[in-house]
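S.K.: This is the structure, below, for whatever I ask next.
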Amino acid sequence: MDYFNRRGDSLYAEACSVTSLANTYGTPLYVYSRATIERHWHAFDNAAGDHPHMVCYAVKANSNLAVLNTMARLGSGFDIVSQGELARVIQAGGDPSKVVFSGVGKTSKEIAYALGKGIYCFNVESAAELSRINDVAIAEGKIANISLRVNPDVDAGTHPYISTGLKENKFGISIDEAISLYQKATAMPGLAVKGIDCHIGSQLTEMAPFLDALDRVLALIDRLAELDIQLSHLDVGGGLGVCYDDEQPPHPNDYAKALAEKLEGYDLTLIYEPGRAIMANAGILVTEVEFLKTNEDRHFAIVDAAMNDLIRPSLYQAYQNIIEVETAPRDQVSEQTYDIVGPICETGDFLGKDRKLSITSGDLLAVRSAGAYGFTMSSNYNSRPRAAEVMVDGEQSHLIRARETIESLWQGEQLLPAMNKK
Ligand code: LLP
């Protein structure tokens, strides 16, 4: 459930009219709802109940400082994949001792930085990375907590680009290799073996792949226990899907309950790394219709947001619901089926296809479920300044990222020196 609702003909974000927000801050505009973020975070935290656990929000889904700060104030942990994400967490008031560091390509510099900040654990994805972390920890005079990310070889049943738990994917360590690596890790002086980690993909809408993966991980935990390797935590990754259209993903309560049943008898702290489930439906992208255009057999609504603002439809053919911000009927405006496209010079630049809308030039549209993997995946393609971001809190709205200026587009760039005349 989220706090984007209609009051009469107008869309509201909590108690703020979306039309007023667009008038104040301009478009394209990302609007987030603080109450929704908090509600979704608590849904995970409450679902875990008394079982020892940490909710480590996956920063990649939305890394705006105000979003991270909202979560930090709730006591959240964080799942990061780069030095930049860790620096953001710290800048936003997050506690590094509740941070897990995922990702297949951590550099020595990033590892040293994270050790210096005292993060909780590195999720290790290869033998080479394990020895690199050991080497850096020794050089820094520190002990690095580690868990191995295992690849259970299960099909998450999601888009191939966001599926990570199959053996042909670049992620994780096979269950067989994991045993010998755990043995090696326990003998490495710079490491403390803490846990095991498994993330099989994103936007999962069924429980079965999670449970299949868990069965395989628990079997591995049992084999490790026989070898006297005791783990203190199990990181189940992120991946719980959301409703973009008509999907019915499991509720965090049902998910946590199913995990708890399997975990009976194990003394393991649970770590969750949700990203999308917290943020997707806590945000919308507001855009204005510039032109309506009709070709031989298609109607286009050309809007001021584009694939550089929200790439999910172009990249994954992802469906995102698109609705009118104001629905009051008007003369001369009738329903039509539109492709909602941006101004970028690519046929792949669309936000939605075949959408029935009653719109005219100057109207506002809201792209729903845009709070996760929206702004964080945006770019300056076609030299378009990135959108502004606003956080709504009841009747108040706060600008949490200013719209980029034209001048900022070439920040850091240099002209060549003056040419030597021959
Ligand atoms: N943990 C790890 C190790 C991950 O790789 C991810 C996401 C998460 C947690 C969070 O997963 P979530 O709860 O958000 O499903 N850009 C794509 C999604 C990529 C997800 C990458 N990893 C999209 O827009 O659908």
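Heads up: the sequence shown is residues 1 to 422, going by full-length UniProt numbering. Just so it is clear, CB atoms sit at the ideal spot from N, CA and C, and this is done for glycine as well.
Shortest alpha-carbon distance to residue 436 belongs to which of Pro152, Thr186 and Tyr338?
M.R.: As displayed, the chain neither begins before 1 nor continues past 422, which places residue 436 out of reach and without an answer.
S.K.: Per DSSP, Thr287 is paired with what?
M.R.: Leu365
S.K.: Is there at least one non-hydrogen atom of the ligand LLP closer than 7 angstroms to the beta-carbon of Met207?
M.R.: Not one heavy atom of the ligand LLP falls within 7 angstroms of the beta-carbon of Met207.
S.K.: Following the continuous alpha helix (DSSP H) through Val67, name the residue where it begins and the one where it ends.
M.R.: Leu65 to Arg73
S.K.: For the ligand LLP, any of its heavy atoms closer than 7 angstroms to the Cβ of Met377?
M.R.: yes
S.K.: Rounded to the nearest angstrom, how far is the Cβ of His51 from that of Leu270, given a contact under 8 angstroms?
M.R.: 6 angstroms
S.K.: Flag Arg88 as yes when its Cβ comes closer than 7 angstroms to any non-hydrogen atom of the ligand LLP, and as no otherwise.
M.R.: Checking every heavy atom of the ligand LLP against the Cβ of Arg88, none is found closer than 7 angstroms.
S.K.: Count the other C-beta atoms from every protein chain shown that fall within 10 angstroms of the C-beta of Leu240, then say buried if there are 16 or more, exposed otherwise.
M.R.: buried
S.K.: Short check: CB of Ala58 to CB of Glu273, under 8 angstroms?
M.R.: yes
S.K.: What do you reckon, is the C-beta of Pro274 under 7 angstroms from a heavy atom of the ligand LLP?
M.R.: yes
S.K.: Excluding the 5 residues flanking Arg6 on each side, which residues of the same chain have their C-beta closer than 8 angstroms to its C-beta?
M.R.: Cβ-Cβ distances below 8 angstroms link Arg6 to Tyr12 and Thr327 in the same chain, with the five nearest sequence neighbours on each side left out; the list follows chain order.
S.K.: Taking the alpha carbon of Gly49 as the reference point, which residue from Asp2, Ala388, Asn134 and Lys257 has its own alpha carbon closest?
M.R.: Among Asp2, Ala388, Asn134 and Lys257, the Cα nearest to that of Gly49 is on Lys257.
S.K.: Going by other Cβ atoms of all chains shown within 10 Å of its Cβ, with 16 needed for buried, is Ser202 buried or exposed?
M.R.: buried
S.K.: One question on the structure: do Asp363 and Glu324 come within less than 8 angstroms of each other, judged by their Cβ atoms?
M.R.: In this structure, Asp363 places its C-beta atom within 8 angstroms of the C-beta atom of Glu324.
S.K.: Sorry if obvious, but does the Cβ on Asp79 come closer than 7 angstroms to a heavy atom of the ligand LLP?
M.R.: yes
S.K.: So, for Ser379: in the same chain, excluding its five sequence neighbours on each side, which residues have a beta-carbon less than 8 angstroms away from its beta-carbon?
M.R.: The answer, listed in chain order, is Asn308, Ile311 and Arg386.
S.K.: I need the straight-line Cα distance from Pro96 to Lys262, nearest angstrom please.
M.R.: 30 angstroms
S.K.: Would you report the Cα separation of Ala260 and Val193, rounded to the nearest angstrom?
M.R.: Going from the Cα of Ala260 to the Cα of Val193 covers about 23 angstroms.
S.K.: Between the alpha carbons of Leu65 and Asn420, how many angstroms are there, rounded?
M.R.: 46 angstroms
S.K.: Select from Ser361, Ser102 and Ile344 the residue whose C-alpha is nearest the C-alpha of Val333.
M.R.: Ser361
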